[in-house]
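Undergrad: The structure that follows is given in the form of C-alpha cells.
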Amino acid sequence: MEISNYLKSIYKVLNESGCTQIEFYESQDAKFNAKNGFRVIKDVYKIRYMNSNYKFINFYLTFNNNNLIYRASNRQTVSFAINAENKTNQEINEIIEMYLERDSHLGFDPMEFSLQSSPVRFLDSLDPKEINIYVEILRYKNTTPQSSSISDFMFFDNFLTFETEFLPLFL
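In this text, residue positions in the sequence shown follow this note's numbering: the first is 1031, and each later residue adds one.
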C-alpha cells in the first residue's frame, strides 16, 4: 500500500471515532540537536487532532525504507541490524524467521545510532505540554517482539498493527 493510502486510512479511523480538528502535514525532515551534533529523521509526517477527551495529539509518523533487518526492542536502547542489500525476498524471510525463534544477536551488527536514540531526542525537542508520539513503520519484520503500550518506543512491523492496536489508545 502507498503512503497516501495509509494516511487516508488513519484519517478514516480518526474521523469515524469522532476526533476533530484533524490536520495532516506534508512530510518534512526533522532536524534536531543531539549530544554529538545535529541529527535528521527523513520524511516525518505530522498528524494532529483533538481526541474524544479534548486533548490534542501529535503523531509523528515515518516509514523506514532502509534495507536492513532490525533486532531492536522498543523497551531497550540497543539496536542491531543485518544488511539485506543483494538478498532475495526468500533469503530475507528465512533470516527473519530464523531470528524470530532465537534470542541471539549473533550475525547482527550493533548500530552506531540505535533505532531508539533519534526518536527520543526528537521528542525531547518538542513542546512538553503537548502529547507527542513518534511512530516508525519498519520495512521488514523486527526480529524481536514488540510492545504496543503507550510507554515504550514505537516501532511497528506493519501498518495494520499500528492502526488496530496502537492508534485506538489515543482516540
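Ideal placement from N, C-alpha and C gives every residue a C-beta, glycine not left out.
Under 7 angstroms Cβ to Cβ from MET1080, same chain only, skipping five residues before and after it: list those, please.
TA: CYS1049, THR1050, GLN1051, PHE1086
Undergrad: Whole beta strand (DSSP E) runs in the region 1145–1174 with 3 or more residues, listed along the chain?
TA: If we require 3 residues or more, the beta strand (DSSP E) runs fully inside the region 1145–1174 come out as 1161–1167.
Undergrad: If you check the beta carbons only, do MET1141 and PHE1186 fall under 9 angstroms apart?
TA: no
Undergrad: Any idea if PHE1192 is buried or exposed, counting beta-carbon neighbours within 10 angstroms, 16 or more meaning buried?
TA: buried
Undergrad: Would you mind working out which of PHE1089, LYS1171, ASP1139 sits nearest ILE1040, comparing C-alpha positions?
TA: PHE1089
Undergrad: For LYS1042, name the three-state secondary structure that DSSP assigns.
TA: LYS1042 falls in the helix class under three-state DSSP.
Undergrad: For the alpha helix (DSSP H) holding GLN1120, just list the boundary residues, first then last.
TA: 1119–1130
Undergrad: Output the distance between the C-alpha atoms of ASN1095 and LEU1168, rounded to the nearest integer angstrom.
TA: 7 angstroms
Undergrad: Do the CB positions of ALA1064 and ARG1151 come within less than 9 angstroms of each other?
TA: yes
Undergrad: Could you check which residue in ALA1114, PRO1158, ILE1126, PHE1068 has the C-alpha nearest to that of SER1148?
TA: PHE1068
Undergrad: Which residues does DSSP pair with THR1050 in a beta bridge?
TA: MET1080
Undergrad: Classify LYS1184 as buried or exposed, calling it buried when 16 or more other Cβ atoms lie within 10 Å of its own Cβ.
TA: Here the sequence assigns Met to residue 1184, which means Lys is not the residue at that position. Label assigned to MET1184: buried.
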